[in-house]
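The sequence shown begins at 1 in full-length UniProt numbering and counts up by one. In what follows, a single structure is set out as structure tokens and then discussed.
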Amino acid sequence: GGKVLTGKVTNGSGTNWFMESSPGGAADVYIPPEVVTSLCGKIRTGETLTVLATEHFYGKNRWRVSEVVSVGAPGAAGGPRKLTGRVTTLQHDGGWMEGGQGAPPDCHLPPQVLAAFGQPVGPGDVLTVEAAEGRPGWSRWRAVRVLRVAAG
Numbered sequence: 001g002g003k004v005l006t007g008k009v010t011n012g013s014g015t016n017w018f019m020e021s022s023p024g025g026a027a028d029v030y031i032p033p034e035v036v037t038s039l040c041g042k043i044r045t046g047e048t049l050t051v052l053a054t055e056h057f058y059g060k061n062r063w064r065v066s067e068v069v070s071v072g073a074p075g076a077a078g079g080p081r082k083l084t085g086r087v088t089t090l091q092h093d094g095g096w097m098e099g100g101q102g103a104p105p106d107c108h109l110p111p112q113v114l115a116a117f118g119q120p121v122g123p124g125d126v127l128t129v130e131a132a133e134g135r136p137g138w139s140r141w142r143a144v145r146v147l148r149v150a151a152g
């Protein structure tokens, strides 16, 4: 479950931060320490984040971030795009797939995204995913949701 929200980081320090639930909207989204840590502590006021959040009514916060989808303003393409490619590797910490048929394997498949899909996925299978821009230096794309799988 959860909802994808995009907004600017408004304030915070250390490992507790807050962001808007929509551009220019209320700063009612809590970014917990484990999420800040997953970003390697790189979080700045004014930065635009796209996150997966769950409803969480606590104090003035309406949402709690469960995972960061992308950092930085969404590209001109406007958010996630569909990619179809072959799964090249799968490990306990997720896998990698091509960013398009025959393209380099630059799309990361996070383990929780594979688990949420609920069907087995193996190397050689062709996946269609909704992907967001990845982290520079790590992956060009990052799967947010698996849409379908075709056996390789």
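Idealized CB from N, CA, C, for every residue including glycine.
Start and end of the beta strand (DSSP E) containing SER38? Position 38 of the sequence shown, counted from the start, is the residue given in the question as residue 38. For SER38, there is no enclosing beta strand (DSSP E); the enclosing alpha helix (DSSP H) covers residues 33-38.
Nearest CA to the CA of VAL68: which residue from GLY134, TRP138 and ALA150? By 1-based counting over the sequence shown, the position of residue 68 is 68. Of the candidates GLY134, TRP138 and ALA150, the residue whose Cα lies closest to the Cα of VAL68 is GLY134.
At which residue ranges does the segment 65-139 contain complete alpha helix (DSSP H) runs of 4 or more residues, listed in the order of the chain? Within the segment 65-139, the complete alpha helix (DSSP H) runs of at least 4 residues are 111-117.
Backbone CA spacing between ALA103 and GLU20 [nearest angstrom]: What you label residue 103 is simply residue 103 of the sequence shown in a count that begins at 1. What you label residue 20 is simply residue 20 of the sequence shown in a count that begins at 1. So the alpha carbons of these two residues sit roughly 36 angstroms apart.
Would you check if there are 3 or more beta carbon pairs closer than 8 angstroms linking the segment 44-64 to the segment 5-12? With a cut-off of 8 angstroms, the segment 5-12 and the segment 44-64 count as touching, because enough Cβ pairs lie within range.
Using C-beta distances below 8 angstroms, list every residue in its chain close to GLY100, excluding the 5 sequence neighbours before and after it, in chain order. For the purposes of this step, residue 100 is identified with residue 100 of the sequence shown, where counting begins at 1. The residues are LEU83, THR84 and GLY85.
Can you tell me whether GLY95 is buried or exposed, with buried defined as 16 or more other CB within 10 angstroms of its CB? Position 95 of the sequence shown holds residue 95. Within a 10 Å sphere around the beta-carbon of GLY95 sit 16 or more other beta-carbons, which makes this residue buried.
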